[in-house]
Every structure is written in structure tokens, then in C-alpha cells.
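Residue numbering for the sequence shown is 4 to 566, as defined by this note's numbering.
Below you'll find the structure, written out as C-alpha cells, and then a few comments.
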Amino acid sequence: MKSYLKSPLLLAVLLLNLCCKTETPPSGLVTKNAMVVSARQEASAIGSAILAKGGNAFDAMVATELALAVAYPFAGNLGGGGFMVYRKANGDVGSIDYREKAPASAHRDLYLDEAGNVIPGMSTLGATAVGVPGTIAGITEVHAKMGSLPFDEILAPVIALAKKGVVVTEKQAKSMASQREIIAKISGEQSLFAQHYVAGDTIKYPALATTLAAIAKGGRKAFYEGEMAEKIAAFIQERGGFITREDLANYEAVWRQPVIFNYKDLRIISMSPPSSGGVTMHQIFKMIEPYNMKDFGHNSPQSIQLFTEASRRAYADRNFFLGDPDFSPIPLDVLLSDAYLKERMSNFSFDKATLSSEVSHGAIQIMESEETTHYSIVDQDGNAVSVTTTLNGAFGSKLYSEELGFFFNNEMDDFSAKAGVPNMFGLIGAEANSIAPGKRMLSSMTPTIVEKEGKLWLVVGTPGGSTIITAVAQTILNAYEHGLSMQDAVNAPRFHHQWLPDTVIFEPEGFSKNTLSTLKEKGYLINEERTRIIGKVDAIRVLENGQLEAGADPRGDDAAVGF
Ligand code: GLY
């Protein structure tokens, strides 16, 4: 972690906001009209160029999503899925779910051996881990309903990028090197991604360009039916996986009512199940709302305690109650009621940590990761989209099709393979998220839009597996309660608690020894060995003068482009 976490500017802004109620001046890139913030400069530039030629935020979504599949194959994808939350300039809000689905032949015990134990690797690596991809269905559905430019015109610069190639960054070279061996094992030594790359190399993607050109011409059908679907099904099945042509033909993206709630004078619009993001964040915010977090101070022991205790309780509910709403009814009326959330916090005290065993039971190891990717867009008319998309693990299942030019997800691991056994994020699940044919696996993705005084204020989201929800919530609180600019709210150090394991995780820098020892004295279990970053938030703030401020996370290669 760099010294940006210790910025004196951040301190100055905090002090300024303690005394005055004016808008915090921006510290990130500011543009007048429109902006795209994503994990790669190339993708943000393509999205922004689509806006500049008169496209709207939904056209730019299509372009950015696919440009990330080219420039950020770590998580950008054709072989994965995602969620998008939108707010149109007229105030209409909505969301689309293009989450992967279990194949029709999947069943509850798919990943268990005869003794009923989880078979290691089967839901995380190779063809057996792959869920039916949703990305192309999602973007073609969005384009058909909300787009304005011709589909092939939007894809043209993406195809050109795949042909021209993308320069490997320092961070990308590291992530590719760390995954090279396992990709070679799953996809073969000859695979494009099993080669050695160093920063500055240019990787060209001719196979992906051909696949994208077919999609530009044939739309959704080109992917889910006919020759390409046949190739995908054969490729997966030859390697022991389960996806059939029928699974692909039957895949549909679903428009869903987002989760909407108020926090003080904010209106927060986020993703509903099968993502747990909106519901869990709603619970966290409502549990902390009765307290005056601003007075506690940014990342003070009291603020951390309050947020941690709310997260502990919300994640315990998440893991038990949430799943695909089309398969298991979720008691949202109770889970989100004021009375329930008040009762949930009734045993919270600033004197002493609640133990997770008092909230529920279990003991597991956490295995965090930084997959998934998020982008935020505001167009020149004021339409906003917030999109999080994923392959699940880094490069998904590590299964790469040389012929089609993309990786397949390992999203089947987001189901609970067996109640009580953790997935790769250390999250344990219950019956609500068990495997069933055609079911969507529970997600933590939290694409979010925030209104202040009835106007668009923030567009925000992040990767980070189970840490997504807490990273998004902290970014909103940093901007709202602690008065940080968008960029500083993104830069600020983050922490995370998810009920089990009963451990608070802190980013490597930015939390003082005093803060940590105060928390330890109160009984908090702190993970001191694990010092990874938490999330890569990409966000936009609408300033009072209508201009846009970016928060592009310096933890990655993330970049904002606009005009
Ligand atoms: N695969 C990460 C998530 O959906 O939360």
C-alpha cells in the first residue's frame, strides 16, 4: 500500500468538514459533462468515446463491459455475468440481473463425494466449475431496451482494441505471473495466458476479436445459439463440465426491482437478490443510522466498532436467508424492518465486542481475493449506470478457450456446495443458496447509486468478493458522514468483518496501533497477518455545480476518462 492512505490532504479535508457544512472540494479528476471510471484506462476511454459520439450511458455500458473483457481479462468477461443498477436523468431507477445460472443437470450434491464431502477444486477450477454465462444476454438486453446507437457501432472500437492489443501494466504482469501455473494446468502450456509476460508487452487478442465481430453482427443469438453455442457446450463437456446447448439457449437476463432505502437524507439504490449486496448494505446502514457516526470520526475505534457490529449481524443473516429469489422466498419484509434491525442491535455495546458465536455459530478460515470488476458511468444527459461484473476467481475457472478467446467463470463456487462449508471467500451458506438446476448463485456484488436531496449524487461499486458490500458502504459513509471528496473516499483505508470468521480485517496501512489496541482491549479479534487490499472502488460524485468528480481506485490500474 502506498502513502496515499496517509495523505495530509485527507486529514485537512476531515478537519475542514468538522467545522463547515460546505461541499467538499474535489480531489479526483473533474469533468464537465460525462465520465466513465473502470479498471483500465483503455475501457474507460472506449466508454467515454461512445458517450462523446452521442451514445447514452447504456451504450457506454455495452462498450465498457466488452472493452474490459479485452483489456482486463482478470475479471472483465464474456464468459461470466454481472448486475447493473441504473438511474435515468428523469429519476427512474431499475436494475438488471445477468448473473450466471446452474446448468439444468446440476443438483444439490453436485460437488460432494460419496461420503458427502466437498470435492476440492471441483467448483473452483476447470469445466466443472462453470455456470451458464450471462454477460452477452445482459448487455444485449440493456441495449435493446435502453441503447441509442447501433450495436455494431458500439462494438467497433472494442474489436479494434482486441486486434491492436493491450499493453501489460506492472500490476497486470504480477497478477498474470501469479496465475500462470494454474492456468497452464487447466488450459494447457500453449494457452495464450500460460505464457510469460512482462510489463510493457503488448498482447493481441485475434480470437476474441473474431468472437466479438460475430456478436456485433448476430447479437445475443450469435452467442447463445448456433455455431458458437455448439462450440462452447462441446468445449465444456469435453473437459467434464455440464453446460449444454439447451442451457445456453434458455439463459435469460432478468430485470429486477432494486433494493431502495433511505439513510438520513440519502436515498440508496442497490442490487437485489440474487445479489446479497443491496439487502446486506440496507441492514448495515439501518443498524448504524441511530448513531451519529460523523461525531465518532473517520475510522475511529467507535466508528469501526459500530460498523463491524452491524456487518457481523447483517452477514449472519446474509449467509442464512439469501439466495435466488426465484427459488427460495426471502423474508425481506422482516429482514429489512426497523423493528427487526433494532432488535438485532439490542445486545451491541461500545464497551465490548459481540462474539459471532453469540450471533450464530461456526468456525472457518477466510480466503479473500480481489476478483470481479466494477465500472461507473454518468452520461451528458445525467443518466447513470453502476455495473459490477465477474468471472468469480481471478481469470475465473482458469479455463480459456483459445478458439473463442475468453475465460469461463467459476461461479458455481458461489453456491453453498454443502451447508456450513465455506466457499473460496470464506463465506458459509445455507439451504437458501444450495445448488438446483437453473438457479442463480448468491452474489456479493453491490452496484449502487445514491441520491442526495432527490438528485443523483454518487455512482459506486467495487470488486472484492465478500468484502464488496462493506467496501461500498464505507465509501458512501466516507463521502457522506466524513465529508471526503470522491477520490479521497475511495483512497481511504478500509476494514471488513463478515460474521465468520470472527475477525476484523484491516488494510495494511492507515490504521494506527492505538486504534487496533483499543479494539483488541474491547475483545475484537484482529487479523494481523493478513494484509491485503480490500476492493478497488470506482465511483463518480455529482458536484453541486453539476460537474463530475471521479474516484478511481489507486489500488489497481483504475482510471477515469470523460469530457
Ligand atoms: N463472485 C463474486 C460475487 O458474485 O460476489
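For each residue, glycine too, the CB sits at the ideal point set by N, CA and C.
As the structure is a prediction and not an experimental result, all values here were calculated from the model.
For Gln182, the CB contacts under 6 angstroms within the same chain, skipping 5 residues up- and downstream, are Ala397, Phe398 in chain order.
In this structure, Gly129 sits away from Arg102, with a CB-CB distance that is not shorter than 9 angstroms. Taking a contact as a CB-CB distance under 8 angstroms, the pair Val96 and Ile272 counts as one, their CB atoms being some 5 angstroms apart.
At a Cβ-Cβ threshold of 9 angstroms, Met38 and Ile142 do not count as neighbours. Every alpha helix (DSSP H) of 4 residues or more that sits fully in the region 263–324 is shown, in chain order, as 280–291, 296–299, 304–324. Within the same chain, Ser98, Asp100, Ser275 come within 6 angstroms of Arg259 by CB-CB distance, once the 5 residues on both sides are set aside. Between Met284 and Val475, the C-beta spacing is below 9 angstroms. Between Thr247 and Pro106, the alpha-carbon positions lie close to 8 angstroms from each other.
Counting C-beta atoms within 10 angstroms of its own C-beta, Pro209 has fewer than 16 neighbours from the protein chains shown and is therefore classed as exposed. Relative to Glu405, the option among Phe509, Gln198, Lys267, Arg497 whose CA is nearest is Gln198. Counting along the chain, the unbroken alpha helix (DSSP H) around Ser359 starts and ends at 359–362. When the five nearest sequence neighbours on each side are left out, the beta carbons in the same chain lying within less than 8 angstroms of the beta carbon of Ser437 are those of Arg111, Gly326, Phe418, Ser419, Ala422, in order along the chain. Contact between Asn386 and Asn59 is confirmed by a C-beta separation of about 6 angstroms, below the 8 angstroms threshold.
Thr205 sits away from Gly244, with the two beta carbons spaced by 9 angstroms or more. DSSP, read as helix, strand or coil, puts Ile139 in helix. Between Val40 and Ser30, the C-beta gap is not smaller than 9 angstroms, which leaves the two residues out of contact. The C-beta separation of Glu292 from Thr357 comes to about 18 angstroms, leaving the pair out of contact by the 8 angstroms criterion. Distance check between Lys525 and each of Ala52, Ile543, Phe353, Ile537 places Phe353 closest, using alpha-carbon atoms only.
In the assembly as shown, Ser359 is a buried residue. Its beta-carbon has 16 or more other beta-carbons within 10 Å. Within the same chain, Cβ atoms closer than 6 angstroms to the Cβ of Arg497 are found at Ala474, Gln477, Glu510, Ile537, the five residues on either side in sequence being excluded. Taking the CA atoms as reference points, Glu434 sits about 21 angstroms from Glu361.
Ranked by how close their Cα comes to the Cα of Ile529, the residues Ser108, Ile218, Asp505, Lys289 have Asp505 in first place.
Residue ranges of uninterrupted beta strand (DSSP E) with 3 or more members, entirely inside the region 201–263 and ordered along the chain, are 257–259.
From the listed residues Gly50, Gly221, Ser349, the smallest Cα separation to Ala140 is found for Gly221.
Ranked by Cα distance from Ala109, the options Tyr254, Thr131, Thr127, Gly94 are led by Thr131.
Cβ-Cβ distances below 7 angstroms link Phe330 to Ala439, Lys442 in the same chain, with the five nearest sequence neighbours on each side left out; the list follows chain order. Taking 9 angstroms as the cut-off, the Cβ atoms of Lys539 and Thr465 count as close. The beta-bridge partner set that DSSP reports for Phe509 consists of Phe498. Following the DSSP letters along the chain, one finds Ala563 inside the beta strand (DSSP E) bounded by residues 562–565. The beta-bridge partner set that DSSP reports for Met87 consists of Ile99, Val390. By the neighbour-count definition (other C-beta atoms within 10 Å, threshold 16), Asp62 is a buried residue. In the three-state reduction of the DSSP assignment, Thr376 falls in the strand class, which pools E and B. Thr138 and Leu81 do touch by the CB rule: their CB atoms are close to 6 angstroms apart, below 8 angstroms.
At a cut-off of 8 angstroms, the beta-carbon of Met290 does not count as near the ligand GLY: no heavy atom of the ligand is closer than that.
Under the three-state reduction of DSSP, Asn530 is assigned to strand.
Looking at the DSSP output, Leu459 sits in a beta bridge with Glu454.
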